[in-house]
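Chemist: Taken in sequence, the protein lines are chains S and C.
Start counting the first sequence at 1; every next residue gets the next number (the UniProt record's numbering).
Start counting the second sequence at 1; every next residue gets the next number (the UniProt record's numbering).
A virtual CB, placed ideally from N, CA and C, is assigned to each residue, including glycine.
Only a predicted model underlies this, so the values are computations on that prediction, with no experimental measurement involved.
First the structure, then my questions, so here it is.
There are 2 protein chains.
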Amino acid sequence: MNETEFLKEYDPTAFQRPSVAVDLVLLGIRDGWPAVLLVKRDQLPHVGRWALPGGFVGIDESLDAAAARVLREKAGMGEAHLEQLYTFGAVDRDPRMRIISVAYLALLTEQAFDAALGAMPALLPAAIQVPWAGETGGPVTVLSPEKQELTLAFDHAAILATAMLRLRGKLDYSDVAFALLPELFTLRQLQDVHEAVLGAALNKPAFRRRQLDKGWLAATGAYEVGAAFRPAELYRFQRH
Amino acid sequence: MNETEFLKEYDPTAFQRPSVAVDLVLLGIRDGWPAVLLVKRDQLPHVGRWALPGGFVGIDESLDAAAARVLREKAGMGEAHLEQLYTFGAVDRDPRMRIISVAYLALLTEQAFDAALGAMPALLPAAIQVPWAGETGGPVTVLSPEKQELTLAFDHAAILATAMLRLRGKLDYSDVAFALLPELFTLRQLQDVHEAVLGAALNKPAFRRRQLDKGWLAATGAYEVGAAFRPAELYRFQRH
DNA sequence: ACACTTATATGTATCTTGCATATTAGGTGC
DNA sequence: GCACCTAATATGCAAGATACATATAAGTGT
């Protein structure tokens, strides 16, 4: 029996299978705070609760492709930094049936975040507050624009907590911060992103020096315009 | 319609679903090198190739539980540090059918590694060589005990590379190294583990001081016995 | 007793980081 | 035009972390 014959006889229905979905944490910085885009559930279960946008993975679709499709369909977004986060597979995480969810982290610039809100008005921008426990990953609080604390559907609060923790962890050794910034940015904007994600203030000269020493920043020679005071130089991210 | 009625009518067969499996990277240190336990495939596809032990996720089984079960069934192992690694979901990663694999990293002490070999003689201990490119994660070479380079089945080489990279990345800020060591160990053994995982030599006094400063090591007052020369003190890992 | 080898301790130069302070370059209001 | 305000940028220094060299200690084997 060769491989082709084998495949003909293989019975792919032998086992009962779980459904597989992707859920997206659409993350950006708004008003100096991390923010996430949520959708309101209009079906049972958890009707009326806010949830992460997601969708089932097609049988002929890779996980990354499914995540990119959900990004397009649910956030009207063509481009964003997308990275796989973690896979959530508790048996009872969805009361309808067994659904395994592969969570993805999508990082949006402030501009992309607003564009998504414009394209999909049903999306809710919610502020994220993370206690500075860092280590184990304390409970994350999600606030509506009216400062109401939201209870997310399913295990989405845990997914969001994982996302924030991962982002914090990767912030200083990877280039994720630049995915949250426009093409051109000032060092102060870069620091603001870091401070928002870390939820802590950083020393300015030290931050500036460390960032420049990494060799990832290319000075453009251009400066911001219309600033009330001395304009800062604009930098561009450039892979080492 | 309330939630209970809704669930009755929900049709879980509406979409064609992928199969979900877990694959385990059973990792230990042997003779100063990272090593992985492999199984020989006795079925198509990829008959005769070496693969990571794995199994399908039961419909009433969480991902973590499935990983623990595979650890028990395929490695005869009750205890080991188990952590989810990454989920591999390319459409064509298995020619039989669509299988999404949630990869787990299992860290074994040298003792547990040998015990697994004893309990499951079909397992092959293969040495892993990782180029010191670190960053992007170069190609990983897997060597049989006879120093033959092995070609792993499916995308298991990529899974293994991800495991090694993750381990390297977590080595100095987490406690993973202790999962590779017995209950009591010397500072030299701890350094040997770090050097094997990193594939690089480390400065002894600096390593020793940094480890002790972390506050994770509890001196036992006991010393190794039978050492040819001055015996080293035994330490125990103790969560901060 | 001595050689041998590794564990452990210490000292110093170097590099990194945090923080304070100075200087620069705009805009704003008179 | 000119003083003033504020934030960007630059510099200086102390504290901390790290790499590396060297010294001392504690066992075994001859």
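Can you round the beta-carbon distance between Leu165 of chain C and Gly28 of chain C to whole angstroms, since I take them to be within the 8 Å contact cut?
Modeler: About 17 Å; that fails the 8 Å criterion.
Chemist: Could you tell me the alpha carbon to alpha carbon distance between Gln129 of chain S and Glu195 of chain S, rounded to whole angstroms?
Modeler: Answer to the nearest angstrom: the Cα atoms are 13 Å apart.
Chemist: Which residues bound the alpha helix (DSSP H) around Ile100 of chain S?
Modeler: Note, Ile100 of chain S: premise wrong, no alpha helix (DSSP H); beta strand (DSSP E) at 99–107.
Chemist: By DSSP's criteria, Val20 of chain S is part of a beta bridge. Which residues make up the other side?
Modeler: BP columns for Val20 of chain S point to S:Ile100.
Chemist: Can you tell me where the alpha helix (DSSP H) holding Ala65 of chain C begins and where it ends?
Modeler: 63–75 is the extent of the alpha helix (DSSP H) around Ala65 of chain C.
Chemist: Between the region 139–149 of chain C and the region 93–103 of chain C, do at least 3 Cβ pairs fall closer than 8 Å?
Modeler: No contact exists between the region 139–149 of chain C and the region 93–103 of chain C.
Chemist: DSSP three-state label for Phe178 of chain C, please.
Modeler: Helix at Phe178 of chain C.
Chemist: Return the CA-CA distance between Leu108 of chain S and Glu183 of chain S, expressed in angstroms with no decimal places.
Modeler: Taking the straight line joining both Cα atoms gives about 12 Å.
Chemist: Can you tell me whether Ile159 of chain S is helix, strand or coil according to DSSP?
Modeler: It is helical.
Chemist: So, for Ala227 of chain C: in the same chain, excluding its five sequence neighbours on each side, which residues have a beta-carbon less than 8 Å away from its beta-carbon?
Modeler: Excluding positions up to five away in sequence, the list is empty.
Chemist: Give me the Cβ distance between Leu160 of chain S and Val25 of chain S, rounded to the nearest whole Å; I'm assuming they're in contact under 8 Å.
Modeler: About 6 Å separates the two Cβ atoms, so the contact holds.
Chemist: Within 9 Å of any Cβ in chain C, is that where the Cβ of Phe237 of chain S sits?
Modeler: No - not a single Cβ of chain C is within 9 Å of the one on Phe237 of chain S.
Chemist: Of all the CB atoms in chain C, is at least one closer than 9 Å to the CB of Ile59 of chain S?
Modeler: At least one chain C Cβ lies under 9 Å of Ile59 of chain S.
Chemist: According to DSSP, simplified to helix, strand and coil, what is Val130 of chain S?
Modeler: Of the three classes helix, strand and coil, the one that applies to Val130 of chain S here is coil, per DSSP.
Chemist: Does any CB atom of chain S fall closer than 9 Å to the CB of Asp23 of chain C?
Modeler: Chain S, which has no Cβ nearer than 9 Å to the Cβ of Asp23 of chain C, makes this no.
Chemist: Closer than 9 Å, CB to CB, is Thr87 of chain S near chain C or not?
Modeler: Cβ-Cβ to chain C under 9 Å: yes for Thr87 of chain S.
Chemist: Under three-state DSSP, which class holds Leu123 of chain S?
Modeler: Reduced to three states, the DSSP call for Leu123 of chain S is coil.
Chemist: Is the region 59–69 of chain C in contact with the region 58–70 of chain S, if contact means three or more CB pairs nearer than 8 Å?
Modeler: The region 59–69 of chain C is not in contact with the region 58–70 of chain S.
Chemist: Distance, Cα to Cα, Ala21 of chain C vs Ser174 of chain S?
Modeler: About 30 Å.
Chemist: Could you give the residue range of the alpha helix (DSSP H) that holds Leu212 of chain C?
Modeler: It spans 204–214 - the alpha helix (DSSP H) in which Leu212 of chain C sits, taken as one unbroken run.
Chemist: Beta strand (DSSP E) containing His240 of chain C: first to last residue?
Modeler: No beta strand (DSSP E) contains His240 of chain C, which DSSP labels as neither H nor E.
Chemist: Any residues in the region 87–121 of chain S with a beta carbon nearer than 7 Å to a beta carbon of chain C? Which ones, in chain order?
Modeler: Residues passing the 7 Å Cβ filter: Thr87, Gly89, Ala90, Val91, Pro95, Arg96, Met97, Arg98, Ile100, Val102.
Chemist: Could you check if Val225 of chain S is buried or exposed, using at least 16 other CB atoms within 10 Å of its CB as the buried criterion?
Modeler: Exposed.
Chemist: At the level of alpha carbons, what is the spacing between Ala153 of chain C and Pro53 of chain C?
Modeler: Going from the Cα of Ala153 of chain C to the Cα of Pro53 of chain C covers about 11 Å.
Chemist: Tell me the residue span of the beta strand (DSSP E) that contains Glu149 of chain S.
Modeler: Note, Glu149 of chain S: premise wrong, no beta strand (DSSP E); not H, not E.
Chemist: Three-state secondary structure (DSSP) at Leu82 of chain S?
Modeler: Residue state, collapsed to three classes: strand.
Chemist: For Thr162 of chain S, does the count of other Cβ atoms within 10 angstroms reach 16, so buried, or fall short, so exposed?
Modeler: Burial call: buried.
Chemist: Beta-carbon of Glu3 of chain C versus every beta-carbon of chain S: anything under 9 Å?
Modeler: The pLDDT assigned to Glu3 of chain C is 49, lower than 50, so where the model puts this residue is not dependable; a value taken from the coordinates is nonetheless given after this. Answer yes: the Cβ-Cβ gap between Glu3 of chain C and chain S drops below 9 Å somewhere.
Chemist: Under a three-way DSSP split, which group does Leu167 of chain C fall into?
Modeler: DSSP places Leu167 of chain C in helix when its eight states are reduced to three.
Chemist: Are Ala67 of chain S and Ala116 of chain S touching if we call contact CB-CB under 9 Å?
Modeler: No, these two residues do not count as a Cβ contact at 9 Å.
Chemist: Three-state secondary structure (DSSP) at Glu9 of chain C?
Modeler: Caution is warranted here: a pLDDT of 49 is assigned to Glu9 of chain C, below 50, making its placement in the model unreliable, and the coordinate value is therefore given only provisionally. Helix at Glu9 of chain C.
Chemist: On the DSSP bridge list, what partners appear for Pro34 of chain C?
Modeler: According to DSSP, Pro34 of chain C bridges with C:Ile29.
Chemist: Please name the residue or residues paired with Thr220 of chain C in a DSSP beta bridge.
Modeler: Thr220 of chain C pairs with nothing; no bridge assigned.
Chemist: Rounded to a whole number of angstroms, what is the C-alpha to C-alpha distance between Leu212 of chain S and Ala218 of chain S?
Modeler: Approximately 9 Å between the Cα atoms of the pair.
Chemist: Nearest to Leu143 of chain S by alpha carbon, out of S:Ala158, S:His156, S:Asp155, S:Ala126?
Modeler: If we check each option's Cα against that of Leu143 of chain S, S:Ala126 comes out closest.
Chemist: When the Cα of Leu124 of chain S is compared with those of S:His156, S:Leu37, S:Val176, S:Asp172, which residue comes out closest?
Modeler: Closest by alpha carbon: S:Leu37.
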